[in-house]
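Participant: What the sequence shown shows, in our numbering, is residues -4 to 627, in sequence order.
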Amino acid sequence: MSNEGHQRTGMTALAVSALGVVFGDIGTSPLYSIQTVFALDNGAIRPVADDVYGVISMVFWAVTIIVSIKYVVFVMRAGNDGEGGIMALAALIRRSVAGRTTMVATAVLLGVIGGSLFFGDSVITPAISVLSALEGIEVVAPDVKDVVLPISVTILVLLFLAQRFGTHRVGRFFGPIMLLWFVVIGLLGIPWVVARPGILLALSPTSAISFFVDRPFLAFVAMGAVVLAITGAEALYADMGHFGRAAISKAWFFVAFPALTLNYLGQGALILSRPDAVSNPFFILAPGWAQIPLIVLATAATVIASQSVISGAFSMARQAVQLGFLPILTVRHTSREESGQIYVPGINWLLLAGVLILAVTFGSSQSLSTAYGLAVTGTLLLTTSLFLVLAGAAWHWKWWQLTLVGVVFGGLELSFLAGNLTKVVHGGWLPLLLGAMVVTVMLTWQRGRRVVTARRTEIEGSMVEFVDELRDGGAVRVPGTAVFPHPHKETVPLALRANFEFNGVVHEHVVVVTVTPENVPHVPRTERFSVDSLHQTDDGVVHLTVRFGFQDDQDIPGALRDAFMLTSELEVDPDSAFYYLSRVSIEVGPDRNMPRWQKMLFIGLAHNAASPAVYFRLPVERTVVMGTRVDI
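1) Using DSSP bridges, identify the partner residues of LEU539.
2) Tell me whether VAL143 is buried or exposed, calling it buried when 16 or more other Cβ atoms sit within 10 Å of its Cβ.
3) Do GLY181 and ASN275 have their C-beta atoms closer together than 8 Å?
4) Are there 16 or more other CB atoms within 10 angstroms of the CB of PHE633, so buried, or fewer, so exposed?
5) Whose C-alpha, out of VAL99, GLY94 and LEU428, is nearest the C-alpha of LEU84?
6) Is there at least one non-hydrogen atom of the ligand COA closer than 7 Å to the beta-carbon of PHE543?
7) What runs of the alpha helix (DSSP H), each 4 residues or longer, lie entirely inside the region 370 to 438?
8) What separation, rounded to the nearest whole angstrom, lies between the Cα atoms of ARG466 and ASP534?
9) With distances taken from CA atoms, which of GLU408, GLY341 and VAL222 is nearest LEU155?
10) In the DSSP output, what is ALA477 paired with across the bridge?
11) What residue ranges within the region 246 to 271 form continuous alpha helix (DSSP H) runs of no fewer than 4 residues, ordered along the chain?
12) Using CA coordinates, which residue listed in ALA272, THR149 and LEU376 is at the minimum distance from VAL70?
13) Cutting at 8 Å between CB atoms, please list the residues of its own chain near MET437, excluding the five before and the five after it.
14) What does the alpha-carbon distance come out to for the pair SER380 and GLY406?
15) Which of the three DSSP states, helix, strand or coil, is assigned to VAL500?
16) What does a CB cutoff of less than 6 Å around SER577 pick up in its chain, not counting 5 residues either side in sequence?
17) Taking Cβ to Cβ, would you say LEU318 is nearer than 8 Å to PRO512?
18) Looking only at C-alpha atoms, which of ALA354, ALA308 and PRO270 sits nearest to ALA34?
19) Could you give the first and the last residue of the continuous beta strand (DSSP E) run that contains MET621?
20) To the nearest angstrom, report how far apart VAL17 and SER301 are at their CA atoms.
21) Let me make sure I understand the geometry here. Which of ASP45, ARG89 and SER24 has the alpha-carbon closest to that of SER199?
22) For VAL92, does the three-state DSSP call read helix, strand or coil?
23) Cβ of SER205 within 8 Å of Cβ of GLY49?
24) Starting from PHE461, trace the alpha helix (DSSP H) both ways and give me its first and last residue.
25) To the nearest whole angstrom, what separates the beta carbons of GLY401 and LEU383, a pair I think is in contact under 8 Å?
26) Nearest chain C C-beta to ILE64 closer than 8 Å, yes or no?
27) Taking the alpha-carbon positions, what's the LEU363 to ALA370 distance?
28) For HIS391, is the classification buried or exposed, using 16 other Cβ atoms within 10 angstroms of its Cβ as the cut-off for buried?
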């Protein structure tokens, strides 16, 4: 086979894999989106021609404008070294316009809010997706509908329990299953479109416009549910680093988009033929013999969609830790080949608790849909805002270009947001509450960390003066190598100073390691290291800076193995070295640098942070913890 043939085959395989990770959420939206529209306000939107054409047209053009044009054509151009996602977009802006403090601070804040809304989405998506799939049982056997919730809860619990084993073993099956899903939902729509070809009028924007002109209030209300058809759009951008823009674009335009369009048209045609089908148009599309297999396939598809969101939450949490917005979390790698395959136990159990509370409290996908739209529209608007900031500041777009893009995308998304604001009292408060809680945690941790860093600097003292004292014979040198993780080289690590002051000794070889998280996903090994001998090359004290991207593993022993050839002072064996961690006991002090409630929250977060020994991959048997008390 020619190189071109190999490339084409590889791209096809990559596109199929993308179907299983990127499109799970948006691919399962037909399960509940149209049903929700016609259930609004006790059936205010009726199953008659004008309303059906208007709704299906609104869905089609929302998907076309937001997904096909905004994300695929525009936003996916904003790759941060190939990576995407709202926090990566904020990091790209911070790197591109580093000198403009206000703009950088605004971009970072918007990125934090967007990331917080994503965590809210990660709680809602598994609950609404699995419930909507199993509600097909009510179509097949209405008498046993009471089993839907218990079965859903069981599947959700098993899904989260399975996270510790990793998704790499089953990941290879996700793509083919989702390919089958898209083929099936497209085929389900075709017979109904053939039977009622007039539904094709919904592909014209005039159908949506006429609906707005004739029945503006109902169209406005419908916007709050139409947005459910584009849930998961952010995943196209967030997962760009895993598959690339080309593979995601091909999977979207050649598989997902046509299948979704056919299914939505089919649901519209079905409702025109059978107005009672508004109770669950997706499953009623299928003939009776196919409904049970369809429930099974839909459940598999929604589990995959949920898995994708959960994995995204793990990745987002790790990025937040490396960018300084969350305390150190325990991160376990579940695959030796893929660094992105991680399991974060703390996030997993928090998500499970939230998902179960939502599923039991709301009880059905239709009830839960009222809480869904705000998280989606909030993320869409924040992505558009950050993209416009990047396009104007870094790409130097003209004002009319920014205005045009802002009006088209921002205007549509503001309409979605306005339509969803009517849901606030009916459950829409939930994602706002979840987002506010996560934002509060992130900003509190960042602020408290700065205060503690300032206090530590006062205690630690100058590194230059300490090294001069060692050279003047102020300490007994003992054999061996001691490695001290420390934020910078200006001050003495607390553990090093404590060892010197209490024991009066310093190891023959001392390596102070500073891990610097960069605003890029990956830093090549050849560019990771920078060495400072701290004035002398023969005093046995050296400072090593290791730069990691926010998708890299922060493995200090591994970094030492890679860096040992850079200078003679680093010619040490990381497998025999001892690692000394500086531990700070944080207490509430009299200073008014933070409100008392925020101090208590920060201290609680610090006490529950994962051990740096685990985070930096330090060997437990050769790790010593020493420290002091710091008041905030």
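Using N, Cα and C, we set each Cβ at its ideal position, and we do this for glycine too.
Facilitator: So, to answer that:
1) In the DSSP output, where bridge partners are listed per residue, LEU539 has VAL508 and VAL526.
2) Per the 10 Å Cβ criterion, buried.
3) No.
4) Residue 633 lies beyond the range of the chain shown here (-4 to 627); nothing can be said about it.
5) Checking every option, the nearest Cα to that of LEU84 belongs to VAL99.
6) This structure simply doesn't include the ligand COA, nor any ligand for that matter.
7) Correct list: 394 to 400 and 406 to 416.
8) Rounded to whole angstroms, the gap between the alpha carbons of ARG466 and ASP534 is 7 Å.
9) Sequence check: residue 155 is Phe here, not Leu. Among GLU408, GLY341 and VAL222, the Cα nearest to that of PHE155 belongs to GLY341.
10) Paired residues: VAL505 and PHE573.
11) Those alpha helix (DSSP H) runs which fall completely within the region 246 to 271 and span 4+ residues are 252 to 268.
12) Among ALA272, THR149 and LEU376, the Cα nearest to that of VAL70 is on LEU376.
13) Excluding residues up to 5 positions away in sequence, VAL107, GLY110, SER111, ALA315, PHE320 and LEU321 lie with their Cβ nearer than 8 Å to the Cβ of MET437 in the same chain.
14) So the alpha carbons of these two residues sit roughly 12 Å apart.
15) Reduced to three states, the DSSP call for VAL500 is strand.
16) Closer than 6 Å at the Cβ level, and outside the excluded window around SER577, lie PRO488, LEU489, ALA490 and GLY622.
17) Contact: yes.
18) If we check each option's Cα against that of ALA34, PRO270 comes out closest.
19) Segment 618 to 626, the beta strand (DSSP E) holding MET621.
20) A straight line joining the alpha-carbon of VAL17 with that of SER301 spans about 11 Å.
21) A check of alpha carbon separations from SER199 across ASP45, ARG89 and SER24 identifies ASP45 as the nearest.
22) Under the three-state reduction of DSSP, VAL92 is assigned to coil, being neither helix nor strand.
23) With contacts defined by Cβ atoms closer than 8 Å, SER205 and GLY49 form a contacting pair.
24) Its alpha helix (DSSP H) spans residues 458 to 466.
25) Going by Cβ atoms, the distance from GLY401 to LEU383 rounds to 6 Å, so yes, they are a contact pair.
26) Here chain C cannot be found, since the structure has a single protein chain.
27) Their Cα atoms are separated by approximately 12 Å.
28) With fewer than 16 other Cβ atoms within 10 Å, it is exposed.
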